[in-house]
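What follows is one structure encoded as structure tokens, with my remarks underneath.
Number of protein chains: 2
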Amino acid sequence: MRKASSKNLENEMLINASCGMAYTIALIGGRWKLPILGRLAAGTLRYNEIRKSLPMVSERILILQLRELERDGLIYRKVYPEVPPKTEYRLTPLGVSLRPILKLLSNWGATNRPLAAESVMALS
Amino acid sequence: MRKASSKNLENEMLINASCGMAYTIALIGGRWKLPILGRLAAGTLRYNEIRKSLPMVSERILILQLRELERDGLIYRKVYPEVPPKTEYRLTPLGVSLRPILKLLSNWGATNRPLAAESVMALS
DNA sequence: CCGCATACTTACATTTATGTTAGTATTATA
DNA sequence: TATAATACTAACATAAATGTAAGTATGCGG
Numbered sequence: 000m001r002k003a004s005s006k007n008l009e010n011e012m013l014i015n016a017s018c019g020m021a022y023t024i025a026l027i028g029g030r031w032k033l034p035i036l037g038r039l040a041a042g043t044l045r046y047n048e049i050r051k052s053l054p055m056v057s058e059r060i061l062i063l064q065l066r067e068l069e070r071d072g073l074i075y076r077k078v079y080p081e082v083p084p085k086t087e088y089r090l091t092p093l094g095v096s097l098r099p100i101l102k103l104l105s106n107w108g109a110t111n112r113p114l115a116a117e118s119v120m121a122l123s
Numbered sequence: 000m001r002k003a004s005s006k007n008l009e010n011e012m013l014i015n016a017s018c019g020m021a022y023t024i025a026l027i028g029g030r031w032k033l034p035i036l037g038r039l040a041a042g043t044l045r046y047n048e049i050r051k052s053l054p055m056v057s058e059r060i061l062i063l064q065l066r067e068l069e070r071d072g073l074i075y076r077k078v079y080p081e082v083p084p085k086t087e088y089r090l091t092p093l094g095v096s097l098r099p100i101l102k103l104l105s106n107w108g109a110t111n112r113p114l115a116a117e118s119v120m121a122l123s
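Chains as they are written, first to last, in numbering that gives the first Met the number 0: chain W, 0 to 123; chain H, 0 to 123.
Structure below.
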């Protein structure tokens, strides 16, 4: 749990409050958030579908970052009252509104990152 | 110093290598990097000018993140052989090419962040 | 009765990011 | 001789992010 008050947190809040760029990055910058958003851009997914498409993720972090994305209003989480449990995730309109940004980020990154990396398994 | 090999690092490298969005975010996502880039978007600045415009930053981190931005090719650093020392920083063409992204990030953030934050001192 | 499915939770460990504090080199100025 | 300027560096402390490992609830199927 984050400390209620620390210089670290104060600085982050100051920057996020006054710098629109930093605020946006704060919402999507967690380790697995962009891979998650990239997958949900294609449509609704269940938890296990997301998890299986990201073999290296730890479940604790996957769930944590899904919760944060939900808290920040970027994705919906729908639970079906079934056994075994069934949960679906999909983008909210706010999440969808990130699309132009994600596209530019993706194009810029793909253009500028070192070439040697192209051979690695695609995540986005 | 970062551990030479850890799951944490491996995962980050995997994501950055295959996800253009994540690669871009990795270059600009440090705590003070966007405020720095925002300031340099207006033109060349000296170290002390940057430092004074960010009163809350620690110098260790400011220098660290300037070095990282330089390493990643987003800014130039020019040292004049003088005493006291004079160093100038400015955006490279690669740094300038981020402008459309930063603009979208800024607009999206300004539109969507909580209203109560508007009253805080502007950093960007 | 046991094993399985799914979608998590929990406690702890490790790694990483950022901040704190004091210091440095060199020349100029008083 | 002391103080000041600028642009940093270094050692350590603190905070935060991520990963590891084991576990859970419920109903279904064999």
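Ideal Cβ placement from N, Cα and C applies to all residues, glycine included.
Among L68/H, P54/H, L61/H and M55/H, which residue has its Cα nearest to the Cα of P92/H?
Here the question's residue 92/H lines up with position 93 in the second sequence. The shortest C-alpha separation from P92/H is found at L68/H.
So is K6/W in contact with chain H if we call contact Cβ pairs under 9 Å?
The residue labelled residue 6/W in the question sits at position 7 within the first sequence. At least one chain H Cβ lies under 9 Å of K6/W.
Going by CA-CA distance only, name the one from R70/H, L63/H and R89/H that's closest to K77/H.
Residue mapping note: residue 77/H aligns to position 78 of the second sequence, counting from 1. Answer by Cα proximity: R89/H.
6 Å CB neighbourhood of Y75/W in its chain, flanking five on each side removed:
Here residue 75/W refers to the residue found at position 76 when the first sequence is read from its first residue. For Y75/W, where only same-chain residues beyond five positions count, the Cβ hits under 6 Å are R89 and T91.
Residues in the stretch 18–29 of chain H with C-beta within 9 Å of chain W's C-beta atoms, listed in sequence order?
C18, G19, M20, A21, Y22, T23, I24, A25, L26, I27 and G28
Put A121/W into one of helix, strand or coil per three-state DSSP.
As a position in the first sequence, residue 121/W is number 122, starting the count at 1. Any reading at A121/W needs caution, since the residue's pLDDT is 48, under 50, leaving its predicted position unreliable; the model's value is listed next. Three-state result, A121/W: coil.
Of all Cβ atoms in chain H, is any one closer than 9 Å to the Cβ of P34/W?
Here residue 34/W is taken as the residue at index 35 of the first sequence, counted from 1. With 9 Å as the cut-off, P34/W counts as an interface residue toward chain H.
Which listed residue (L53/H, I24/H, S5/H and K6/H) has its alpha carbon closest to that of G134/W:
The structure shown does not extend to residue 134/W, since chain W is modelled only from 0 through 123, so no value can be given for it.
Collapsed DSSP secondary structure at R89/W in the structure displayed:
On the first sequence, residue 89/W is found 90 positions in, with the first residue counted as 1. DSSP places R89/W within a strand segment (E or B) once states are collapsed to three.
What are the boundary residues of the beta strand (DSSP E) that R125/W is part of?
Nothing can be reported for residue 125/W: it is not among the residues displayed for chain W, which extend from 0 to 123.
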